[in-house]
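Taking it in order: structure first as structure tokens, then the write-up.
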Amino acid sequence: MLTVRTVSDLRAAVGGWKRAGERVAFVPTMGNLHAGHFSLVALARRQADRVVASVFVNPTQFGPNEDFERYPRTPDADAVGLADAGCDLLLLPSVEQMYPFGPERCVRVRVPGLSDVLDGAHRPGHFDGVATVVLRLLNMVQPDVAVFGRKDFQQVRVIEYLVRDLSLPVSILAAETQREPDGLALSSRNQYLSAEERARAPEIHRTLQFVREAAQRRVPLAEIEAEAHRRLAAAGFEVDYVALRRADDLAPAASLDDGGVVALVAARLGRTRLIDNLLL
Ligand code: PAF
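Numbering (my numbering), first residue to last: 5 to 284.
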């Protein structure tokens, strides 16, 4: 696996592959990679001749009181894992490569509507930072396909909108959420949990399964949301939201027949904020 740190080295490698007629898939990450990320690389591998991954902890998507400083950084283990997973090129850009004028003075993009609800309402500016860095990364790598995890359901919708609205020549693929045997969605932030919090964390997945089962029994969606909120609070979570939304545009779902419906949860255990979702 080749490791590059600059846009010019990246373009030299990817340009060579493209001229040889090879198809390129891209997996953007913030590092501290786990089996969830490696499943994205595996999906990318099946889509293309070459796989590029990036590791960049993006400062513009963290709020002032969020975990940017303490976000786990494990570059050596990430490189070993990516090579084992079949990645051809690892992009490790510096902040200066990503934001030549600095993160404060960078050109930003904003996806209206989708960026303001759910996680966007609880993390103001978060999706502007995501859209801004993903547009930069896609422009640098110029892949044929880019792969994201469905655990970040809203992020996938924001990126799909960005790609469609700006006619970016890339297909976006969403990969299934990878879970621990007890149902907890894999996340780099799981390691912030104490042993006692870790034991309670799978209640999010259990609650989502309750939501799916209740929706199939045709319990009114507002009642399901209220009961799911109550269950999570009883298990010791501070709940940001439990929401049943239309899967295509994240607007409130009127009923289970309102196109595809997705249940989304964001809740805190102590200092750790967890998100998860389930298509109903
Ligand atoms: O999902 C992530 O890890 C990040 O939000 C992404 C897409 C790599 C942008 O920084």
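Glycine included, every Cβ here is placed at the ideal spot set by N, Cα and C.
Please read these numbers as outputs of a predicted model, since none were measured by experiment.
- Contact between Asp92 and Val55 holds, with the beta-carbon distance rounding to 5 Å and staying under 8 Å.
- Taking Arg9 as reference, the option from Arg27, Ser98, Pro68, Ala24 with the minimal CA-CA separation is Ser98.
- Between the stretch 251 to 258 and the stretch 182 to 196 there are fewer than three inter-stretch CB-CB distances shorter than 8 Å, so the stretches are not counted as touching.
- Distance from the CA of His209 to the CA of Glu217, rounded to the nearest whole angstrom, comes to 12 Å.
- Out of Arg77, Ala29, Val113, Phe241, the CA that lies nearest to the CA of Arg272 is found in Phe241.
- Fully enclosed beta strand (DSSP E) runs of no fewer than 3 residues occupy 175 to 179 of the stretch 159 to 203, in order along the chain.
- Shown in chain order are the residues whose CB sits closer than 7 Å to a heavy atom of the ligand PAF: Pro32, Thr33, Met34, Phe60, Asn62, Gln65, Val134, Val137, Val138, Phe152, Gly153, Asp156, Gln159.
- Per DSSP, Pro32 is one residue of the beta strand (DSSP E) stretching across 28 to 33.
- When the Cα atoms are used, Val18 and Val145 turn out to be separated by approximately 7 Å.
- Annotation note: the stretch 50 to 133 contains the following uninterrupted beta strand (DSSP E) runs of length 3 or greater, listed N- to C-terminal: 54 to 59, 93 to 95.
- The continuous beta strand (DSSP E) containing Phe152 extends over residues 149 to 153.
- Residue range 11 to 23 is occupied by the alpha helix (DSSP H) that includes Val11.
- By the criterion of at least three beta-carbon pairs nearer than 8 Å, the stretch 37 to 54 is in contact with the stretch 133 to 151.
- In this model, Arg114 and Ala52 are separated by some 29 Å (Cα to Cα).
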